[in-house]
Amino acid sequence: MNKGEKAVYEFNDGNNCAQATLSVLAEQLNISHEIAHKVASGFGGGFGRMQEICGAVSGACMALGLRYFNESDASDSRELVYKKVQDLMKKFSETHGTCNCSKLLGIDLLSNEGQAAFKDQNMKENKCCKYVKDAVAIAESLL
Numbered sequence: 830m831n832k833g834e835k836a837v838y839e840f841n842d843g844n845n846c847a848q849a850t851l852s853v854l855a856e857q858l859n860i861s862h863e864i865a866h867k868v869a870s871g872f873g874g875g876f877g878r879m880q881e882i883c884g885a886v887s888g889a890c891m892a893l894g895l896r897y898f899n900e901s902d903a904s905d906s907r908e909l910v911y912k913k914v915q916d917l918m919k920k921f922s923e924t925h926g927t928c929n930c931s932k933l934l935g936i937d938l939l940s941n942e943g944q945a946a947f948k949d950q951n952m953k954e955n956k957c958c959k960y961v962k963d964a965v966a967i968a969e970s971l972l
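So the sequence shown is numbered by my numbering: it starts at 830 and just counts up by one.
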């Protein structure tokens with residue numbers, strides 16, 4: 830099972846999209862599953878279901894920061910992290926048209942109607958799993 834498939838498994842096992850993405854990428858960064866899940870817990874659904882940046886993309890961005898930010902060289906390493914995040918977001922947008930969760934799903938996750946549509950249209954399987962898998966693959970290419 831590759832990391833993308835493992836992240837989809839985690840996502841389908843009750844973790845949010847950000848948790849699933851960060852936790853599989855964090856393994857190679859010596860960050861525990863538990864810490865990755867805690868750190869990413871509020872980022873699912875585009876930041877607490879606010880549908881801003883896709884949670885899978887957010888989890889991947891966190892992994893890039895964990896890999897490339899160096900406190901002893903904060904200014905230069907921050908620039909490197911920014912460049913890696915820009916590359917990730919550009920590649921994800923090229924594939925999916927946007928990194929914005931609201932635009933990716935086309936529903937309002939904060940409404941009852943949106944929650945019903947998410948379930949009725951099986952968006953987790955039909956859309957979000959692909960976003961998780963792709964965010965992991967793109968991040969892997971940048972790590």
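C-beta atoms are modelled at their ideal positions from N, C-alpha and C, and glycine is treated no differently. Keep in mind it's a predicted model, so treat the numbers as computed, not measured.
- Alpha carbon of Gln915 to alpha carbon of Thr850, nearest angstrom: 17 Å
- Beta bridge counterpart(s) of Asn929 as assigned by DSSP: DSSP lists Ile882 as partners of Asn929.
- Do Phe840 and Cys883 have their C-beta atoms within less than 9 Å of each other? no
- Count the other CB atoms within 10 Å of the CB of Leu893; is the residue buried (16 or more) or exposed (fewer)? buried
- Given that a residue counts as buried once 16 or more other Cβ atoms are within 10 Å of its Cβ, and exposed if not, what is Ile864? exposed
- Message: For Ala847 and Ala903, which I take to be in contact (beta-carbon distance under 8 Å), what is that distance rounded to the nearest angstrom?
- Response: That pair is no contact at about 24 Å.
- Item | Residue from Val837, Ala869, Arg878 and Asn831 with nearest C-alpha to Ile936 | Out of Val837, Ala869, Arg878 and Asn831, Arg878 has the C-alpha closest to the C-alpha of Ile936.
- Message: My output table needs one value for Leu917: the three-state DSSP class, helix, strand or coil.
- Response: Helix, per DSSP.
- Supposed close pair Lys969, Lys832 - CB separation, criterion 8 Å: The sequence as given places Glu at residue 969; Lys does not occur at that position. The beta carbons of Glu969 and Lys832 sit about 6 Å from each other, so the pair counts as a contact at 8 Å.
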